[in-house]
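So in my numbering the end of the sequence shown lands on 204, straight run, no missing numbers.
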Amino acid sequence: MTPKLRLLYAEDDPDTRELIVLALEMEGFEVVCPEDLTEFLRLAKNETWQAYMLDTWMPEVDGFELCGQIRGFDPHTPIVFYSGAALERDKARAFASGATAYFVKPIAFPELVDGLKAVITLAAGVSVR
């Protein structure tokens with residue numbers, strides 16, 4: 076049995092969170108999506124993840140700042156933005172803060188899954204199916 080790919084997801088919209096968690100779990104991911112920043116950071120610092128997935132606009136902290144905080148203690152794990160912020164300046168800011176990839180909502184779900192797997196594969200140096 077192939078181990079599940081662990082993904083820590085920061086998303087403030089409950090409907091998006093529920094949909095994406097359910098859909099990614101059906102694709103073999105283990106997705107944890109805490110409801111607050113404190114729990115997200117605790118999990119990020121204390122557990123092993125194959126990737127982080129962040130929204131841009133959240134009430135406690137924006138995704139750019141959160142990405143920078145993660146890079147402060149984890150310089151290697153891929154950070155993927157999954158955001159409705161589609162402007163080039165948003166993408167540039169994400170990459171400047173340490174992002175590995177940037178996907179704009181809405182996106183075809185297979186494209187999101189393939190993109191996540193590709194990012195994880197590149198970071199791990201092994202094939203993910």
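For each residue, glycine too, the CB sits at the ideal point set by N, CA and C.
Values in this document were obtained by computation on a predicted structure and should not be read as measured data.
7 Å CB neighbourhood of residue i in its chain, flanking five on each side removed
i: residue 190; result: 176 and 178
i: residue 94; result: none
i: residue 142; result: 129, 154, 169, 172, 173 and 174
i: residue 136; result: 112
Residue i classed as buried or exposed, judged by whether at least 16 other C-beta atoms fall within 10 angstroms
i: residue 120; result: exposed
i: residue 195; result: buried
i: residue 138; result: buried
i: residue 111; result: exposed
Anticipated Cβ contact below 8 Å, residue i with residue j, distance rounded
i: residue 90; j: residue 130; result: Actually they are not in contact, since the Cβ atoms of residue 90 and residue 130 sit about 12 Å apart, beyond 8 Å.
i: residue 198; j: residue 152; result: 7 Å
Same chain only: Cβ atoms within 6 Å of residue i, ignoring 5 sequence neighbours per side
i: residue 161; result: 179
i: residue 188; result: 102
8 Å CB neighbourhood of residue i in its chain, flanking five on each side removed
i: residue 105; result: 79, 80, 81 and 82
Three-state class that DSSP yields for residue i in the structure shown
i: residue 122; result: coil
i: residue 154; result: strand
i: residue 135; result: coil
i: residue 174; result: coil
i: residue 191; result: helix
i: residue 197; result: helix
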